[in-house]
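*Asks:* Just dropping this structure here.
2 protein chains.
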Amino acid sequence: MSGCCLSMESRAGPRPGGLSYCVAFSQLLGLTVVAVTGAWLGLYRGGIAWESDLQFNVHPLCMVIGLVFLQADALLVYRVFRNEAKRTTKILHGLLHGCAFVMALVGLVAVFDHHRKRGYPDLYSLHSWCGLLAFVLYVVQWLVGFSFFLFPGASFSLRTRYRPLHIFFGASIFLLSVGTALLGLKEALLFKLGTKYSTFEPEGVLANVLGLLLAGFALVVLYILTRAEWKRPPQAEEQALSMDFKTLTEGDSPGSQ
Amino acid sequence: MSGCCLSMESRAGPRPGGLSYCVAFSQLLGLTVVAVTGAWLGLYRGGIAWESDLQFNVHPLCMVIGLVFLQADALLVYRVFRNEAKRTTKILHGLLHGCAFVMALVGLVAVFDHHRKRGYPDLYSLHSWCGLLAFVLYVVQWLVGFSFFLFPGASFSLRTRYRPLHIFFGASIFLLSVGTALLGLKEALLFKLGTKYSTFEPEGVLANVLGLLLAGFALVVLYILTRAEWKRPPQAEEQALSMDFKTLTEGDSPGSQ
Numbered sequence: 001m002s003g004c005c006l007s008m009e010s011r012a013g014p015r016p017g018g019l020s021y022c023v024a025f026s027q028l029l030g031l032t033v034v035a036v037t038g039a040w041l042g043l044y045r046g047g048i049a050w051e052s053d054l055q056f057n058v059h060p061l062c063m064v065i066g067l068v069f070l071q072a073d074a075l076l077v078y079r080v081f082r083n084e085a086k087r088t089t090k091i092l093h094g095l096l097h098g099c100a101f102v103m104a105l106v107g108l109v110a111v112f113d114h115h116r117k118r119g120y121p122d123l124y125s126l127h128s129w130c131g132l133l134a135f136v137l138y139v140v141q142w143l144v145g146f147s148f149f150l151f152p153g154a155s156f157s158l159r160t161r162y163r164p165l166h167i168f169f170g171a172s173i174f175l176l177s178v179g180t181a182l183l184g185l186k187e188a189l190l191f192k193l194g195t196k197y198s199t200f201e202p203e204g205v206l207a208n209v210l211g212l213l214l215a216g217f218a219l220v221v222l223y224i225l226t227r228a229e230w231k232r233p234p235q236a237e238e239q240a241l242s243m244d245f246k247t248l249t250e251g252d253s254p255g256s257q
Numbered sequence: 001m002s003g004c005c006l007s008m009e010s011r012a013g014p015r016p017g018g019l020s021y022c023v024a025f026s027q028l029l030g031l032t033v034v035a036v037t038g039a040w041l042g043l044y045r046g047g048i049a050w051e052s053d054l055q056f057n058v059h060p061l062c063m064v065i066g067l068v069f070l071q072a073d074a075l076l077v078y079r080v081f082r083n084e085a086k087r088t089t090k091i092l093h094g095l096l097h098g099c100a101f102v103m104a105l106v107g108l109v110a111v112f113d114h115h116r117k118r119g120y121p122d123l124y125s126l127h128s129w130c131g132l133l134a135f136v137l138y139v140v141q142w143l144v145g146f147s148f149f150l151f152p153g154a155s156f157s158l159r160t161r162y163r164p165l166h167i168f169f170g171a172s173i174f175l176l177s178v179g180t181a182l183l184g185l186k187e188a189l190l191f192k193l194g195t196k197y198s199t200f201e202p203e204g205v206l207a208n209v210l211g212l213l214l215a216g217f218a219l220v221v222l223y224i225l226t227r228a229e230w231k232r233p234p235q236a237e238e239q240a241l242s243m244d245f246k247t248l249t250e251g252d253s254p255g256s257q
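Residue numbers (full-length UniProt numbering), protein chains in the order written: chain S, 1 to 257; chain B, 1 to 257.
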């Protein structure tokens, strides 16, 4: 057992240097995405309010903060806090996803309420179909993830089998969210600018830059998540605990995440 | 050495059952994407020709065949032919990427030629910016990949360091290509249908279904690529050869792909 723990400790150690720079860059890019979304809405769409036509603008801002920035950060906690106790990391992961869900819900209420007030039809576009799919998958993933990993009922073997699926669907829902954001941005541009889009209007150029920033943010987050040597090493305490108390929430993690 | 080979042989073995079903499903989905693209262009856009306005329609069809379907299949060869000789698999990977490149080039020539004849401006939209980025990255990745992995000059350690980057950028360029296709589809719909898009016109619904099929295809391909136990096992012959003839193209592979 001591040999096993020693080997685990040697795997934990300090955080790899490249990881810190990459995470810092991802946060800079993510905050830039949020800021540029705000700047676009403020400069060219009249800003944000719950009443009046400006209610629509709550939708893109909340979705970008919730299902892009906060969702990405929820995925990254297993890399950023790779040497912390698993239970703490799990709770932070769940909390960040909870905040992302609330932001997304406000964004969705804003757009449906805006459509209802103006008599606009709902859910006819590819953006809305992809968005609905992403949101439904997000809620299902949150509920299943909560009942498997935070609620103490699920067995060790059930968690082991479900874990790779949870990770894959987590990254997939994030990518689908970014894709949906790009479609929404394009829709908003074409509805307002029409053929003026082809004259390199400042709003069109700014929104194109925002689109590239969104795509870049998604790729940097994906890089951090998939790089093999940055994955969370199995913690000595977890391994030891899991041998004796498999039912303890923080002790039942099957290997690295 | 015999123990090592035995262990390698035991890792190779028959293809996992789930992998075959998933690959078959991906091919069915990919061919459906190509067929629905063709049906959309045939039913609602007047079909395809190199002369006249129909030249534009060559663009979506070629890009979907090249940078979506063929590019995905080029990535999947390392899973489908996981027990074949590495050199054969590499050549097939390069050839499929070569075909994808030619198709994409025809698609790009079609749209630029169409724009030139009609006096339309180029490269103003988010679709074109993302597409240009994807294509440039694709060409760079092909050239660097060719000189590192098919050309016999690169050293073993250089290949080992570059390999994870090549895999990550390969998947990223594929995802960026699918995202660009979704943006292009949306652009084509909004340019033609305008506000009629919101009345659930048959063309709009078909194109939305095509968009979901594209997103679904990307996720299935990503699932096959990322599932840990489906990765290519190191081959006994490669391991043995790499011990003695590190400069041989088929013997210098650093582990599984």
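Even for Gly, the Cβ is constructed at its ideal location relative to N, Cα and C.
Got a sec: which bits of the segment 117–137 of chain S sit with their beta carbon under 8 Å from any beta carbon on chain B, in order along the chain?
*Replies:* Here the close residues are Tyr-120, Pro-121, Tyr-124, Ser-125, Leu-126, His-127, Trp-129, Cys-130 and Leu-133.
*Asks:* Could you check where the alpha helix (DSSP H) with B/Val-109 kicks off and where it finishes?
*Replies:* First-last of the alpha helix (DSSP H) with B/Val-109: 86–118.
*Asks:* Is B/Ala-35 buried or exposed, if buried means 16 or more other CB atoms sit within 10 Å of its CB?
*Replies:* Exposed, since its Cβ has fewer than 16 Cβ neighbours within 10 Å.
*Asks:* Using a cut-off of 8 Å between C-beta atoms, extract the partners of B/Thr-37 located in chain S.
*Replies:* Here the premise fails: no neighbours, minimum Cβ distance about 14 Å.
*Asks:* Which whole-angstrom value is the C-beta distance of B/Tyr-78 and B/Thr-89, which I expect to be below 8 Å?
*Replies:* Yes, B/Tyr-78 and B/Thr-89 are in contact; Cβ-Cβ is about 6 Å, under 8 Å.
*Asks:* How is the alpha helix (DSSP H) around S/Phe-151 delimited, first residue to last?
*Replies:* Unbroken run through S/Phe-151: none, as it is neither H nor E.
*Asks:* Quick one: using the 10 Å Cβ neighbour count with 16 as the cut-off for buried, is B/Trp-230 buried or exposed?
*Replies:* B/Trp-230 should be labelled buried.
*Asks:* Under 7 Å between C-beta atoms, does S/Lys-186 make it to chain B?
*Replies:* At least one chain B Cβ lies under 7 Å of S/Lys-186.
*Asks:* Taking B/Pro-60 as part of the alpha helix (DSSP H), name the residues at either end of that continuous run.
*Replies:* Its alpha helix (DSSP H) spans residues 55–63.
*Asks:* Does DSSP put S/Lys-192 in a helix, in a strand, or in coil?
*Replies:* S/Lys-192: helix per DSSP, three-state reduction.
*Asks:* Taking the continuous alpha helix (DSSP H) assigned at S/Trp-230, which residues delimit it?
*Replies:* Note, S/Trp-230: premise wrong, no alpha helix (DSSP H); not H, not E.
*Asks:* Cβ closer than 8 Å: which chain B residues qualify as neighbours of S/Ser-198?
*Replies:* The answer, in chain order, is Tyr-120, Pro-121, Tyr-124 and Ser-125.
*Asks:* Chain S beta carbons: is any one of them nearer than 7 Å to that of B/Tyr-219?
*Replies:* Sequence check: residue 219 of chain B is Leu here, not Tyr. Yes, B/Leu-219 counts as interfacial toward chain S.
*Asks:* DSSP state of S/Glu-187, grouped into three classes?
*Replies:* If DSSP states are grouped into helix, strand and coil, S/Glu-187 belongs with the helices.
*Asks:* What does a CB cutoff of less than 8 Å around B/Pro-16 pick up in its chain, not counting 5 residues either side in sequence?
*Replies:* Answer for B/Pro-16: Glu-229 and Trp-230, listed in chain order.
*Asks:* Is there a Cβ of chain S sitting closer than 7 Å to that of B/Leu-190, yes or no?
*Replies:* Yes, B/Leu-190 lies at the interface with chain S (some Cβ there is under 7 Å from its Cβ).
*Asks:* Closest by CA to S/Arg-161, which one among S/Phe-148, S/Ala-74 and S/Ser-172?
*Replies:* Out of S/Phe-148, S/Ala-74 and S/Ser-172, S/Phe-148 has the C-alpha closest to the C-alpha of S/Arg-161.
*Asks:* Between the alpha carbons of B/Leu-185 and S/Thr-195, how many angstroms are there, rounded?
*Replies:* So the alpha carbons of these two residues sit roughly 17 Å apart.
*Asks:* Return the residue from the list B/Ser-157, B/Glu-203, B/Gln-27 and B/Asp-122 that minimises the CA-CA distance to B/Gly-42.
*Replies:* Per the Cα distances, B/Glu-203.
*Asks:* Tell me which same chain residues have a C-beta within less than 7 Å of the C-beta of B/Ala-207, skipping the five on either side of it?
*Replies:* Correct list, in chain order: Trp-40, Leu-185 and Leu-189.
*Asks:* Would DSSP call S/Ala-134 helix, strand or coil?
*Replies:* Residue state, collapsed to three classes: helix.
*Asks:* Buried or exposed: which applies to B/Glu-187, given that a residue is buried once 16 or more other Cβ atoms fall within 10 Å of its Cβ?
*Replies:* Buried, because 16 or more other Cβ atoms sit within 10 Å of the Cβ of B/Glu-187.
*Asks:* Determine, using beta carbons only, whether S/Ser-172 comes closer than 7 Å to chain B.
*Replies:* It does: the Cβ of S/Ser-172 has a partner Cβ on chain B nearer than 7 Å.
*Asks:* For B/Pro-60, count neighbouring C-beta atoms within 10 Å of its own C-beta (all shown protein chains included) and say buried if the count is 16 or more, exposed if not.
*Replies:* By the 10 Å Cβ count, B/Pro-60 comes out buried.
*Asks:* Among S/Cys-130, S/Gly-94 and S/Asn-57, which one has its Cα closest to the Cα of S/His-115?
*Replies:* Taking only the C-alpha atoms, the option nearest S/His-115 is S/Asn-57.
*Asks:* Measure the C-alpha to C-alpha separation of S/Val-25 and S/Pro-152 and round it to an integer number of angstroms.
*Replies:* For the sequence presented, residue 25 of chain S should be read as Phe rather than Val. Approximately 36 Å, taken between the alpha carbons.
*Asks:* Does the count of Cβ pairs from the segment 70–84 of chain S and the segment 106–125 of chain S closer than 8 Å reach three?
*Replies:* No, the segment 70–84 of chain S does not touch the segment 106–125 of chain S.
*Asks:* Output the boundary residues of the alpha helix (DSSP H) element that contains S/Ala-49.
*Replies:* No alpha helix (DSSP H) contains S/Ala-49, which DSSP labels as neither H nor E.
*Asks:* How long is the line joining the alpha carbons of B/Ser-198 and B/Val-209, rounded to whole angstroms?
*Replies:* Roughly 15 Å separates the two Cα atoms.
*Asks:* Can you list the residues of chain S that B/Pro-164 reaches, using a CB-CB cut of under 8 Å?
*Replies:* The answer, in chain order, is Arg-227 and Ala-228.
*Asks:* Could you list the residues in the segment 74–87 of chain S with a C-beta less than 9 Å from some C-beta on chain B, going in chain order?
*Replies:* Hits within the stretch: zero.
*Asks:* In its own chain, which residues sit with a C-beta less than 8 Å from the C-beta of residue 262 of chain B, not counting the 5 before and 5 after it?
*Replies:* What the structure shows of chain B is the stretch from 1 to 257, and residue 262 of chain B is not part of that stretch, so it cannot be assessed.
*Asks:* For S/Leu-183, would you say it is in contact with chain D, using Cβ-to-Cβ distances shorter than 7 Å as the test?
*Replies:* Given the protein chain composition of this structure (S and B), no chain D is represented.
*Asks:* Answer with buried or exposed for B/Phe-217, where buried requires no fewer than 16 other C-beta atoms within 10 angstroms of its C-beta.
*Replies:* Buried: at least 16 other Cβ atoms inside 10 Å.
*Asks:* What residue range is occupied by the uninterrupted alpha helix (DSSP H) comprising B/Thr-226?
*Replies:* Run containing B/Thr-226: 202–226, per the alpha helix (DSSP H) assignment.
*Asks:* Can you tell me whether B/Ser-20 is buried or exposed, with buried defined as 16 or more other CB within 10 angstroms of its CB?
*Replies:* Looking at its Cβ environment, which holds fewer than 16 other Cβ atoms inside 10 Å, B/Ser-20 is exposed.
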